[in-house]
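Numbering follows numbering that gives the first Met the number 0, in which position 45 of the sequence shown is assigned residue number 44; successive positions increment by one, without gaps.
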Amino acid sequence: MTAPNAPRQDRAARDDEFHDLREPVYLLAPEARVKSRAAAAWRPLGYLTLTIVWVVLAVISVAVAVLVLPWRLTAGDAGPLGEAPGFHGNVFIGAVIVLLLGPVIGSICGVFLCVSVGSALGSATYFCRSLLPRYRSERLSFTSFSQGAEASGPASLFGLSTAYSLIPVRLTRWTKIVTLISAQGQVVNVTLWVLGFWWGIFYVFTVGWMLWPAQGAASVVCTVISVLLFAVFAYFVWRNRHRYPDTMPAAYRGTPFERSWPNRPHEKPARTRARKGTAR
């Protein structure tokens with residue numbers, strides 16, 4: 000953002016500028032300062048508390064995404080999964096559970112992992128910055144609110160207000176990355192559901208045949224299928240790599256956050272480029 004007294008022409012030109020973030024870009028006016036010395040003094044404690052909370056939530060999210068299902072299925076005196084009530088070796092029931100339960104588990108885990116890991120990295124970054132003298136009088140993060148059609152995420156489905164916290168005031172490549180990670184879980188997007196679907200199918204199927212347990216030739220076949228399912232998941236992760244930067248809360252639209260690395264700059268129409276070439 001430019002200073003309030005900048006000419007309108009310069010402001011418009013900068014609004015259209017694409018930033019590679021090799022130099023920091025401010026999402027608020029650079030003149031934005033910490034409200035008081037007391038606030039600056041207490042700021043490290045606040046960011047440290049947020050970091051601890053989000054790190055704990057991130058660890059819990061990872062545990063839920065990987066460990067909880069096999070732990071619950073083997074808790075107590077439970078025997079092989081194929082002998083459990085409701086299964087009794089019925090492969091059809093197991094397949095239905097994988098197809099129904101897998102995508103749900105995968106998508107939910109994706110949301111919690113993205114939000115918790117991204118927020119933990121962001122709050123840890125601001126905690127480290129709050130300890131440095133050059134950031135002493137500078138605001139580090141802020142909160143933006145969206146409501147109704149302008150909101151993103153589940154709240155937009157009900158017309159509720161949404162608050163997005165830990166938005167970096169000084170946008171760098173690192174803070175852009177951590178904000179993008181958390182945005183994947185805060186904004187409802189098809190890419191997250193696609194990745195969650197394939198991760199969930201791979202995860203539930205693999206846990207299922209290992210606890211069934213598959214034996215002999217069946218274990219070899221199941222291993223091959225698990226490898227193929229994970230390869231499909233990895234393929235979609237790589238294929239959608241250019242879509243991650245475009246996933247952002249509505250409050251970020253039209254700001255330097257949208258017009259900066261790793262987003263792709265919008266190319267000008269061919270006619271405009273041709274005219275510039277002729278003018279030269």
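Every residue, glycine too, gets a C-beta built ideally from N, C-alpha and C.
For this session: Check the C-beta distance from F196 over to S106 and give it rounded, since I have them as a contact under 8 Å.
Result: 7 Å
Exercise. Taking A250 as the reference, which of R135, T124, F141, A123 has the closest Cα?
Worked result: F141
Exercise. Does DSSP put A162 in a helix, in a strand, or in coil?
Worked result: strand
Exercise. Roughly how many whole angstroms lie between the Cα atoms of L27 and I59?
Worked result: 34 Å
Exercise. If we ignore side chains and look at the alpha-carbon of each, how far apart do L303 and F229 end up?
Worked result: No answer is possible for residue 303: the residues shown for the chain start at 0 and end at 279.
Problem set entry | Spatial neighbours of T246 in its chain, beta-carbon cut-off 6 Å, leaving aside the 5 residues before and after | A182, Q183, V186, N188
Exercise. In this structure, does DSSP put F201 in helix, strand or coil?
Worked result: helix
Exercise. Since R169 and Y46 are thought to touch, with beta carbons under 8 Å apart, how far apart are those beta carbons, to the nearest angstrom?
Worked result: Wrong, their Cβ atoms sit about 14 Å apart, outside the cutoff.
For this session: Write down the C-beta distance between F173 and D19 rounded to the nearest angstrom, noting that I regard them as a contact closer than 8 Å.
Result: The displayed chain sequence assigns Trp, not Phe, to residue 173. Incorrect: roughly 14 Å between the Cβ atoms, too far for contact.
Exercise. What residues in its chain sit with their C-beta under 7 Å from that of A123, if we drop five residues either side in the sequence?
Worked result: T50
Exercise. Taking C-beta to C-beta, are T178 and G121 nearer than 8 Å?
Worked result: yes
Exercise. Under a three-way DSSP split, which group does P268 fall into?
Worked result: Because the pLDDT of P268 is 49, which lies under 50, any placement of that residue in the model is unreliable, and the question is left without a value.
Exercise. By the 10 Å Cβ neighbour count, where 16 or more other Cβ atoms means buried, how is H265 classified, buried or exposed?
Worked result: exposed
Exercise. Bridge partners of F144, per DSSP?
Worked result: A162
Problem set entry | Boundaries (first-last residue) of the alpha helix (DSSP H) holding F256 | Neither: F256 is in no alpha helix (DSSP H) and is coded neither H nor E.
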